[in-house]
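The block underneath contains the structure these notes are about, expressed in structure tokens.
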């Protein structure tokens with residue numbers, strides 16, 4: 166608990182925190198503000214809130230490594246959906262980044278390399294957002310990596326996701342074709358928005374289950390692979406994903422977190438593509454995580 170001194174009267178909350186929390190990535194501080202972990206006089210506040218002398222600011226615990234001390238990468242294996250000499254497909258849990266960077270010391274690929282020191286080649290084929298769970302491909306040879314990259318560029322694979330969205334999705338099947346443009350906030354956070362000058366993006370959304378007109382489970386098939394594509398397409402259509410901290414509603418995310426579901430409900434559930442070496446068709450599936458299943462079961466009874 167920090168009391169605002171007179172010399173900082175009128176300062177924005179985000180600038181006040183950046184001064185006090187030197188070394189903490191900006192993205193972590195803004196996420197703490199959005200999540201309600203930072204409080205001003207016991208109430209929620211936005212990043213641009215102007216502080217007054219005498220205000221009390223609650224700063225949540227923020228752990229930092231010792232200066233200059235590299236964080237060791239724990240060797241970790243993830244649930245394997247498919248593995249052969251050319252390709253590894255794992256079921257990535259939510260909350261784990263696919264690679265280090267942007268305030269994250271390590272991710273799936275670094276942990277796999279640490280767990281498999283004798284592996285000569287392990288490279289990510291594609292990415293999943295940190296809070297998205299499900300199928301993630303890792304190439305075990307350069308030949309496989311190049312073949313898979315070309316396949317993804319040419320639309321040679323079919324990737325389906327489950328998403329729980331706010332609202333009553335009534336259409337059986339809908340094509341969402343909205344161009345997407347990347348942009349960066351003042352805090353350095355990467356975002357995507359619908360913009361006529363952006364890249365072409367195409368998602369096919371199919372209804373799976375409706376829950377009392379308040380929520381819907383949908384299947385989203387990627388026909389292009391843009392950053393945050395499903396998240397932005399659904400939000401722009403008026404159906405934000407439950408738990409999405411960038412494009413969803415804070416009130417909904419907080420309500421589900423209080424009920425024990427503190428993640429985004431987006432799961433890469435199935436993948437169909439030719440094997441990069443043999444050409445044999447691979448049809449892979451990752452089961453919906455137990456936490457997601459529990460949410461759906463609860464909604465069925467409400």
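Residue numbers (my numbering): 166 to 467. For each residue, glycine too, the CB sits at the ideal point set by N, CA and C.
Apart from the five residues just before and just after residue 349, which ones in its own chain have a Cβ nearer than 8 Å to its Cβ? Residue 349 sits at position 184 when you count from the first residue of the chain shown. Correct list, in chain order: 355, 356.
Between the segment 432–451 and the segment 308–317, are three or more C-beta pairs nearer than 8 Å? yes
For residue 358: DSSP bridge partner residues: Within the chain shown, residue 358 is the residue found at index 193, counting from 1. For residue 358, which the question treats as bridged, DSSP gives the partners 346.
Pair within 8 Å by beta-carbon distance, residue 358 and residue 397: To locate residue 358, count along the chain shown from 1; it is residue 193. To locate residue 397, count along the chain shown from 1; it is residue 232. Residue 358 places its beta carbon less than 8 Å from that of residue 397.
Which parts of the segment 362–417 are runs of the alpha helix (DSSP H), unbroken and 4 residues or longer, counting only runs that do not cross its ends? 394–401
Exposed or buried, which one is residue 275 when buried takes at least 16 other CB atoms within 10 Å? Translated into positions along the chain shown, residue 275 becomes position 110. Per the 10 Å Cβ criterion, buried.
If distances are taken between C-alpha atoms only, which option among 416, 292, 187 comes closest to residue 432? Locating residue 432 in the chain shown gives position 267, where the first residue counts as 1. Minimum Cα distance to residue 432 is reached at 292.
Would you list, in sequence order, the uninterrupted alpha helix (DSSP H) runs of no fewer than 4 residues that lie entirely inside the segment 411–465? 415–423
Hey, how far is the Cα of residue 249 from the Cα of residue 434? What you label residue 249 is simply residue 84 of the chain shown in a count that begins at 1. What you label residue 434 is simply residue 269 of the chain shown in a count that begins at 1. Residue 249 and residue 434: Cα-Cα distance of roughly 20 Å.
What would DSSP say about residue 279, mapped onto helix, strand or coil? Here residue 279 refers to the residue found at position 114 when the chain shown is read from its first residue. Reduced to three states, the DSSP call for residue 279 is helix.
What three-state label does DSSP hand residue 166 in the structure shown? As a first step, residue 166 must be located in the chain shown, where it is residue number 1. Looking at residue 166 - three-state DSSP - the assignment turns out to be coil, as it is neither helix nor strand.
Per DSSP, what are the beta-bridge partners of residue 323 in this structure? If you number the chain shown from 1, residue 323 lands on position 158. Answer by DSSP bridge pairing, in chain order: 437.
Name the two residues that bound the continuous alpha helix (DSSP H) containing residue 198. Here residue 198 is taken as the residue at index 33 of the chain shown, counted from 1. Looking at the DSSP string, the run of the alpha helix (DSSP H) that includes residue 198 is 191–199.
Beta-carbon separation (whole angstroms), residue 295 vs residue 287, contact threshold 8 Å: As a first step, residue 295 must be located in the chain shown, where it is residue number 130. As a first step, residue 287 must be located in the chain shown, where it is residue number 122. No, residue 295 and residue 287 are not in contact; Cβ-Cβ is about 19 Å, not under 8 Å.
Integer-rounded CB distance, given that residue 177 should sit under 8 Å from residue 210: By one-based count along the chain shown, residue 210 stands at place 45. By one-based count along the chain shown, residue 177 stands at place 12. The pair is not a contact, with the Cβ atoms about 10 Å apart (cut-off 8 Å).
Between which two residues does the alpha helix (DSSP H) holding residue 182 run? Here residue 182 is taken as the residue at index 17 of the chain shown, counted from 1. Run containing residue 182: 178–185, per the alpha helix (DSSP H) assignment.
Let me make sure I understand the geometry here. Which of 392, 390, 186, 174 has the alpha-carbon closest to that of residue 218? Residue mapping note: residue 218 aligns to position 53 of the chain shown, counting from 1. The residue with the shortest Cα to Cα distance from residue 218 is 174.
Mapping the DSSP letters down to three states, classify residue 309 as helix, strand or coil. Walking along the chain shown from the start, residue 309 turns up at place 144. In the structure shown, residue 309 sits in a helix (DSSP, three-state: H, G or I).
Sorted by chain position, which residues of the same chain lie with C-beta nearer than 7 Å to residue 201's C-beta, five sequence neighbours on each side aside? Residue mapping note: residue 201 aligns to position 36 of the chain shown, counting from 1. The answer, listed in chain order, is 209, 419.
Less than 6 Å between C-beta atoms, sequence neighbours within five positions excluded: which residues of the same chain meet that for residue 371? For the purposes of this step, residue 371 is taken as the residue at position 206 of the chain shown. 338, 384, listed in sequence order.
Just to confirm my understanding: we take residue 321, look at its own chain, exclude 5 residues before and 5 after, and list those with CB closer than 7 Å. What are they? Position 156 of the chain shown, counted from the first residue, corresponds to residue 321. The beta carbon of residue 321 sits closer than 7 Å to the beta carbons of 438, 439 from its chain, once the five residues preceding and following it are set aside; these are given in chain order.
Are there 16 or more other CB atoms within 10 angstroms of the CB of residue 283, so buried, or fewer, so exposed? By one-based count along the chain shown, residue 283 stands at place 118. Exposed, by the Cβ-count rule.
Pairing CB atoms from the segment 399–414 with CB atoms from the segment 325–336, are three or more of them under 8 Å? yes
If you measure between the beta carbons of residue 344 and residue 374, is that distance less than 8 Å? On the chain shown, position 179 is the one that residue 344 refers to. On the chain shown, position 209 is the one that residue 374 refers to. No, the Cβ-Cβ distance between residue 344 and residue 374 is not below 8 Å.
Suppose you measure from the CA of residue 224 to the CA of residue 181; what does that come to, to the nearest Å? Start at 1 with the first residue of the chain shown, and residue 224 comes out as number 59. Start at 1 with the first residue of the chain shown, and residue 181 comes out as number 16. One C-alpha to the other measures close to 11 Å.
Using C-beta distances below 7 Å, list every residue in its chain close to residue 363, excluding the 5 sequence neighbours before and after it, in chain order. Within the chain shown, numbered from 1, the residue matching residue 363 stands at position 198. Result list for residue 363: 344, 345, 346, in chain order.
Of all the options 170, 341, 252, 388, which has the alpha carbon lying nearest to the alpha carbon of residue 319? By one-based count along the chain shown, residue 319 stands at place 154. The candidate whose alpha carbon is nearest that of residue 319 is 388.
Alpha carbon to alpha carbon, how far is residue 306 from residue 242? Give it in angstroms, no decimals. The residue given as residue 242 occupies position 77 in the chain shown. The residue given as residue 306 occupies position 141 in the chain shown. Approximately 19 Å, taken between the alpha carbons.
Residue 391: buried (16+ other C-beta within 10 angstroms of its C-beta) or exposed? Locating residue 391 in the chain shown gives position 226, counting from the first residue. Result: buried.
DSSP on residue 290, reduced to helix/strand/coil? Position 125 of the chain shown, counted from the start, is the residue given in the question as residue 290. Note: residue 290 maps to coil in three-state DSSP.
With residue 224 as the anchor, note down where its beta strand (DSSP E) starts and where it stops. Within the chain shown, numbered from 1, the residue matching residue 224 stands at position 59. It is not in any beta strand (DSSP E) - residue 224 carries neither H nor E in the DSSP assignment.
Drop a sphere of 10 angstroms on the beta-carbon of residue 325, count the other beta-carbons inside from all chains shown, and report buried for 16 or more, exposed for fewer. Position 160 of the chain shown, counted from the first residue, corresponds to residue 325. Buried, since its Cβ has 16 or more Cβ neighbours within 10 Å.
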